[in-house]
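Colleague: One structure is given below, represented as structure tokens, and several questions about it will come after.
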Amino acid sequence: MHNRPALLQAYGLLILTSLIWAGNSVAGKIAAGHIDPILLTALRWSIAALIITALSIKHLKADWPVIVKHWPLLMAYGVSGFALFNIFLYSALTQTNVINVMIEQAGIPFIIFLGNYLLLRTRATVAQLIGFALTLSGVILTATHGDIAQLLRLQFNIGDIMMLLAVLIYGGYSVSLKWKPVMHWQSLLAIPCIGAAITCVPVLIWRFLTHPFPAPDATGWGVVVYASVFVALIASATYIAGIERIGANRAGLFINLLPIFGVFLAVIILREPLHTYHLIALGLVSAGIILSEWSRLRPAKATT
């Protein structure tokens, strides 16, 4: 029997995660010209690591034996899902267009399905696959601004390769959360944040030596604060909590809410126009998620 309150909590956590991540896309647009993208990544994880570590001293002490035993895995979470994903994502956006990135990022749920099957023999249901197809259709409709023919005119370059690497990394990170050790969520977040901050140091040094950049201005620092507190800490915690409750396969579909939420945030914050195809795309993505979850809830209803 499914625990309905836990399910509703998981849905809320994952929707909040997607909303915050979508806000990061808008913040990224605002940040252009105000702060270097690699510096933004390094500052966000460094500040996040300091904040979560300061708040988690009690739990880190209590979880220390578990941390010592599993520190390679915990640090790997920070290196992959936290640092490398964002480095490749921000770098990809400097080399390829947003349409390509949005469509490619929609491949994360597929990588999760595939990884779960290859490593855990967890099969995706027919409803999940149909749900994935519907959500992907919504993402493509949004990314192409309602003109699907744009897919035939897409050009791929090194930026797309970097984005595909980012997709593989985040899909792998999501699947690997299956093996996360049992500890307080603050400890589970603190150690990967530290790992991410350490990973960014050599990349930032290389970036500055090859492409010197100025210090961020007030707008740049505002984006850093948002990225550090909301994206790095809150969204990372809610995503992990969502996967813990319903699994990576089901949680992965919620990632495709990003471009939809991004559109509506852009309309509200950046005053960009809202079109009919945006509403159709929202319907497709929502239908895909609802279909996938409905297929999991039906057996529970029959046994009550």
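Everything in the sequence shown is counted per our numbering, starting at 26 for the first residue and increasing by one. A virtual CB, placed ideally from N, CA and C, is assigned to each residue, including glycine.
1. Please report the straight-line C-alpha distance between residue 129 and residue 239, rounded to a whole angstrom.
2. Put residue 257 into one of helix, strand or coil per three-state DSSP.
3. What residues in its chain sit with their C-beta under 6 Å from that of residue 161, if we drop five residues either side in the sequence?
4. With a threshold of 7 Å between beta carbons, is residue 106 in contact with chain D?
5. For residue 252 and residue 258, what's the separation of their Cα atoms in angstroms?
6. Once the 5 residues before and after residue 80 are set aside, which same chain residues still bring their CB inside 7 Å of it?
7. Identify the continuous alpha helix (DSSP H) that holds residue 286 and give its terminal residues.
8. Am I right that residue 40 and residue 290 are in contact with their C-beta atoms under 8 Å? What's the rounded C-beta distance?
9. Does DSSP classify residue 205 as helix, strand or coil?
10. Roughly how many angstroms lie between the CA atoms of residue 417 and residue 214, to the nearest whole one?
11. For the 8 Å Cβ check, are there 3 or more pairs between the region 186–193 and the region 106–121?
12. When you compare only the Cα positions, how much space is there between residue 306 and residue 38?
13. How many angstroms separate the CA atom of residue 237 from the CA atom of residue 50?
14. How is the alpha helix (DSSP H) around residue 227 delimited, first residue to last?
15. How big is the Cα-Cα spacing for residue 296 and residue 243?
16. For residue 52, report the span of its alpha helix (DSSP H) as first-last.
17. Which of the three DSSP states, helix, strand or coil, is assigned to residue 326?
18. Residue 245 and residue 60: beta carbons closer than 7 Å?
19. In terms of alpha-carbon separation, which member of 268, 203 and 156 lies closest to residue 145?
20. Let me know the secondary structure DSSP gives residue 318 once reduced to three states.
21. By DSSP, does residue 103 sit in helix, in strand, or in coil?
22. Can you tell me whether DSSP reads residue 182 as helix, strand or coil?
23. Can you give me the C-alpha to C-alpha distance between residue 94 and residue 226, rounded to a whole angstrom?
24. Count the other C-beta atoms from every protein chain shown that fall within 10 angstroms of the C-beta of residue 58, then say buried if there are 16 or more, exposed otherwise.
25. Quick check on the DSSP output: the alpha helix (DSSP H) that includes residue 275 runs from which residue to which?
26. Spatial neighbours of residue 311 within its chain, please: C-beta separation below 7 Å, excluding the five flanking residues on both sides.
27. Should residue 31 be labelled buried (16 or more other beta-carbon atoms within 10 Å of its own) or exposed?
28. Please name the residue in 248, 72, 48 and 65 whose C-alpha comes closest to that of residue 217.
29. Leaving out the 5 sequence neighbours to the left and right, which residues in its chain are closer than 6 Å to residue 91 when beta-carbon positions are compared?
30. Between which residues of its own chain and residue 45 is the CB-CB distance below 7 Å, once the five residues before and five after are set aside?
31. When you compare only the Cα positions, how much space is there between residue 136 and residue 301?
32. Determine the contact status of residue 264 and residue 78, defining contact as a CB-CB distance below 7 Å.
Modeller: So, to answer that:
1. C-alpha of residue 129 to C-alpha of residue 239: approximately 31 Å in a straight line.
2. Three-state DSSP puts residue 257 in a helix.
3. Around residue 161: 131.
4. Absence of chain D from the displayed structure is noted, only one protein chain being present.
5. Spanning the two alpha carbons is a distance of roughly 8 Å.
6. Its chain contains 211 as the residues whose beta carbon lies nearer than 7 Å to that of residue 80, once the 5 sequence neighbours on both sides are disregarded; these appear in chain order.
7. The continuous alpha helix (DSSP H) containing residue 286 extends over residues 283–294.
8. With a Cβ gap of about 14 Å, residue 40 and residue 290 do not count as contacting.
9. Coil.
10. Nothing in the structure corresponds to residue 417, since the chain is present only between 26 and 329.
11. Counting Cβ pairs under 8 Å, three or more are found: they touch.
12. Their Cα atoms are separated by approximately 22 Å.
13. Our two residues, residue 237 and residue 50, have alpha carbons roughly 24 Å apart in a direct line.
14. Per DSSP, residue 227 belongs to the alpha helix (DSSP H) from 210–235.
15. Distance between the alpha carbons of residue 296 and residue 243 is about 21 Å.
16. Counted as a single uninterrupted DSSP element, the alpha helix (DSSP H) harbouring residue 52 occupies residues 29–56.
17. In this prediction, residue 326 scores a pLDDT of 42, lower than 50, which makes its location untrustworthy; the coordinate-derived value is nonetheless stated afterwards. Secondary structure of residue 326 (DSSP, three-state): helix.
18. Residue 245 is a Cβ neighbour of residue 60, given a cutoff of 7 Å.
19. Closest by alpha carbon: 203.
20. Reduced to three states, the DSSP call for residue 318 is helix.
21. Three-state result, residue 103: helix.
22. Here residue 182 sits in coil by DSSP.
23. Between residue 94 and residue 226, the C-alpha separation is close to 25 Å.
24. It counts as exposed.
25. Start and end: 273–277.
26. So no residue of the chain qualifies.
27. Counting of Cβ neighbours within 10 angstroms places residue 31 among the exposed residues, the total staying below 16.
28. Checked all of 248, 72, 48 and 65; the closest Cα to residue 217 is 72.
29. Excluding residues within five positions, the ones whose Cβ falls inside 6 Å are 206 and 208.
30. Hits under 7 Å: 255, 256, 259 and 260.
31. The alpha-carbon atoms of residue 136 and residue 301 are separated by roughly 30 Å.
32. Against a cut-off of 7 Å, the Cβ pair of residue 78 and residue 264 comes out as no contact.
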